[in-house]
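Read the structure below first, then the notes.
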Amino acid sequence: MIEGKVEPSFWPVARALEKQLRRAPRGGGAAVCVYHRGRCVVDIHGGQRDAEGTPWAADTMAVSFSTTKGVVATLLHILVDRGLLDYDDPVARHWPEFAAKGKESITVRHLLCHEAGLFDIRHLIDDAQRMLDWQHMTAALAQAAPLHPAGDYNAYHGLTYGWLVGEVIQRAAGAPLAELVRSEIAAPLGLDGLYIGTPPDEMGRVARLIIPAERMRRLQAMRGPIRRLHRVLGLLRLPLHLGTMAAALAPLGIEDLDWSSPQILQASIPAANGVFTARALAKLYAALAAGGEIDGTRLLSASAVARATAVQNRRFDRVVPFPMHWRLGYHRAGTTRGIPPRGFGHFGFGGSGAWADPDRQLAVALVLNSGFGTPFGDLRTAQIGGAALLCADRR
3 MIEGKVEPSF WPVARALEKQ LRRAPRGGGA AVCVYHRGRC VVDIHGGQRD
53 AEGTPWAADT MAVSFSTTKG VVATLLHILV DRGLLDYDDP VARHWPEFAA
103 KGKESITVRH LLCHEAGLFD IRHLIDDAQR MLDWQHMTAA LAQAAPLHPA
153 GDYNAYHGLT YGWLVGEVIQ RAAGAPLAEL VRSEIAAPLG LDGLYIGTPP
203 DEMGRVARLI IPAERMRRLQ AMRGPIRRLH RVLGLLRLPL HLGTMAAALA
253 PLGIEDLDWS SPQILQASIP AANGVFTARA LAKLYAALAA GGEIDGTRLL
303 SASAVARATA VQNRRFDRVV PFPMHWRLGY HRAGTTRGIP PRGFGHFGFG
353 GSGAWADPDR QLAVALVLNS GFGTPFGDLR TAQIGGAALL CADRR
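Residue numbers (my numbering): 3 to 397.
Structure, rendered in structure tokens:
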């Protein structure tokens, strides 16, 4: 079931992926890549890339949802490292229209830490199709009023993060986000698949998302379980309200979007529609794990990586039901073998994820096309990460 290369000391990672693929529905496939001490030690794939049973290939890419946020954050850090902006700049310094409705004091740091109070997409737009229109989204956010003073709370900006951070990047660099991802990250590192806005000639490499019909029926019948979860959260006194979660993650009509369609994949939705290979994500995070450089190419200075990955808050998040230990655009990296103290990265709905651990000089990436998981993580990501930690420590 598995193809690719695995160094003998990392065989448990391949076994973990093989077990996952055995449980995948027809059409489901995945790829995993691991770097350790600057070397690629795992580069494997298996399963199928669509319901017709087309085998997953070495260069297959997959929609990776919120894993995209870590790539966007890295791009912003590159601009900061060059002096084009600063984390404590008011957003309005680069995006003057953003100052409306009392947002003059919101900084770039607030955006990266999910502290800006602009997470509510459900009441920002009238239909999820609006997310395909960059100008509409940025204009709506520029005119939006924050739901709390900047810095008072952190509430995961599940979708709005992409246009907020993405527009700051575009204003500071003077170029479209999709172009900057290619020129500032993918090209220098020689990555084989890293897009936010997939070019038409690369569409043939993208795996189609597989959503089992029984899972969809379960989602559509979730009212009772959601009410019970709400009561449990109240009893535990957790600072979370399911209405807040829906506001951040579920714009009207989102269930009707086909995330495998060319229309969506070719747009830039920088919090959700990144299309990656595991190999590209792992090499990017391997550079970050090594202080910003890999194979003789320096992406960021070591001091820039240290600033970007320092923990900014440890509070309970008002959208995610636990502390995320937000860095500047990254969160902590959970695995089945614990949480590396300095580990950082970003996971995505549906099971994808990529992260780095500077202490072990370890980078791990998983991309796939089947299953739901949750918007806050997936056991499959944790299992692959746990196996990689075990192997790195034994090595």
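Ideal placement from N, C-alpha and C gives every residue a C-beta, glycine not left out. Bear in mind that the values here come from a model prediction, so they are computed numbers and not experimental data.
The alpha helix (DSSP H) with residue i in it runs from where to where?
| i | result |
| --- | --- |
| Trp-357 | From DSSP, Trp-357 is part of no alpha helix (DSSP H) but of the beta strand (DSSP E) over 355 to 359. |
| Ile-80 | 69 to 83 |
| Ala-94 | 93 to 96 |
| Met-322 | Met is not the amino acid found at residue 322; the sequence shown has Val there. From DSSP, Val-322 is part of no alpha helix (DSSP H); its letter is neither H nor E. |
| Leu-368 | Counting along the chain, Leu-368 falls outside any alpha helix (DSSP H), though it belongs to the beta strand (DSSP E) covering 364 to 370. |
| His-125 | No alpha helix (DSSP H) holds His-125; DSSP gives it neither H nor E. |
| Tyr-163 | 162 to 175 |
| Leu-86 | Leu-86 -> no alpha helix (DSSP H), and no H or E assigned at all. |
| Gln-265 | 264 to 267 |
| Gln-137 | 136 to 144 |
| Gly-388 | 381 to 396 |
| Val-313 | Unbroken run through Val-313: none, as it is neither H nor E. |
| Leu-179 | 179 to 183 |
For residue i, which residues does DSSP report across the bridge?
| i | result |
| --- | --- |
| Phe-12 | In DSSP, Phe-12 forms no bridge with anything. |
| Lys-7 | Asp-45 |
| Arg-300 | Glu-295 |
| Gly-255 | In DSSP, Gly-255 forms no bridge with anything. |
| Leu-196 | Phe-278 |
| Thr-337 | Gly-340 |
| Val-208 | Met-63 |
| Pro-57 | Gln-50 |
Since residue i is in the beta strand (DSSP E), which residue starts that stretch and which ends it?
| i | result |
| --- | --- |
| Arg-41 | 41 to 49 |
| Cys-1 | Past the boundaries of the shown model lies residue 1; the chain is included only from 3 to 397, so the question cannot be answered. |
| Ala-250 | Element bounds for Ala-250: not the beta strand (DSSP E) but the alpha helix (DSSP H), 244 to 251. |
| His-112 | Element bounds for His-112: not the beta strand (DSSP E) but the alpha helix (DSSP H), 110 to 114. |
| Gly-347 | 346 to 349 |
Determine the closest residue to residue i out of the options, with distance taken between C-alpha atoms.
| i | options | result |
| --- | --- | --- |
| Ala-288 | Gly-245, Asp-359, Glu-186, Phe-351 | Asp-359 |
| Ile-266 | Ile-198, Gly-119, Ala-312, Leu-364 | Ile-198 |
| Ala-59 | Met-3, Pro-201, Glu-169, Gly-119 | Met-3 |
| Ala-141 | Arg-17, Glu-169, Lys-71 | Glu-169 |
| Arg-362 | Gly-345, Cys-42, Gly-350 | Gly-345 |
| Gly-29 | Cys-393, Ile-296, Leu-370, Asp-380 | Leu-370 |
| Arg-111 | Leu-368, Ile-171, Ala-304 | Ile-171 |
| Asp-260 | Ala-274, Met-247, Arg-124, Arg-41 | Ala-274 |
| Pro-264 | Ala-310, Thr-200, Leu-166 | Thr-200 |
| Thr-246 | Arg-17, Asn-156, Gly-355, Gly-195 | Asn-156 |
| Ala-394 | Ala-269, Ala-94, Arg-41 | Arg-41 |
| Trp-165 | Pro-272, Ser-354, Leu-114 | Pro-272 |
| Ile-212 | Gly-192, Met-326, Ala-32 | Ala-32 |
| Asp-319 | Asp-154, Ala-101, Ala-16, Trp-136 | Asp-154 |
| Leu-19 | Arg-397, Arg-396, Gly-388 | Gly-388 |
| Leu-353 | Ala-249, Leu-286, Phe-67 | Correcting the residue identity first, residue 353 is Gly in this sequence and not Leu. Among Ala-249, Leu-286, Phe-67, the Cα nearest to that of Gly-353 belongs to Phe-67. |
| Ile-296 | Lys-21, Ile-187, Pro-148 | Ile-187 |
Under 8 Å by Cβ, that's how I've got residue i and residue j pegged, so tell me the actual separation to the nearest angstrom.
| i | j | result |
| --- | --- | --- |
| Ile-108 | Pro-98 | At roughly 13 Å, the Cβ-Cβ gap does not stay under 8 Å, so Ile-108 and Pro-98 are not in contact. |
| Val-366 | Ala-390 | 5 Å |
| Glu-5 | Gly-48 | 6 Å |
| Leu-161 | Leu-251 | 7 Å |
| Ile-256 | Ala-130 | 4 Å |
| Tyr-332 | Gly-347 | 6 Å |
| Tyr-158 | Val-322 | 5 Å |
| Thr-69 | Ala-356 | 6 Å |
| Ala-44 | Val-8 | For the sequence presented, residue 44 should be read as Val rather than Ala. Yes, they are in contact, since the Cβ atoms of Val-44 and Val-8 sit about 5 Å apart, within 8 Å. |
| Gly-293 | Val-307 | 6 Å |
| Val-73 | Leu-196 | 7 Å |
| Val-208 | Val-277 | 6 Å |
| Leu-330 | Ala-310 | 5 Å |
| Arg-124 | Pro-253 | 5 Å |
| Leu-193 | Leu-286 | 7 Å |
Kindly say whether residue i, judged by its beta-carbon, lies nearer than 7 Å to any beta-carbon of chain D.
| i | result |
| --- | --- |
| Gly-30 | Of the protein chains in this structure there is only one, and it is not chain D. |
- Touching by the beta-carbon criterion (3+ pairs, under 8 Å), the segment 86 to 98 and the segment 334 to 342: no
- For the segment 50 to 60 and the segment 71 to 81, state whether three or more C-beta atom pairs, one from each stretch, are separated by less than 8 Å. no
- Message: Three or more C-beta pairs under 8 Å: does that hold for the segment 20 to 32 against the segment 167 to 183?
- Response: no
- Query: Below 8 Å, can you find three or more Cβ-Cβ pairs linking the segment 34 to 46 to the segment 8 to 23?
  - Reply: yes
- Message: For the structure I just gave you, are there three or more beta carbon pairs, one from the segment 107 to 123 and one from the segment 271 to 288, closer than 8 Å?
- Response: no
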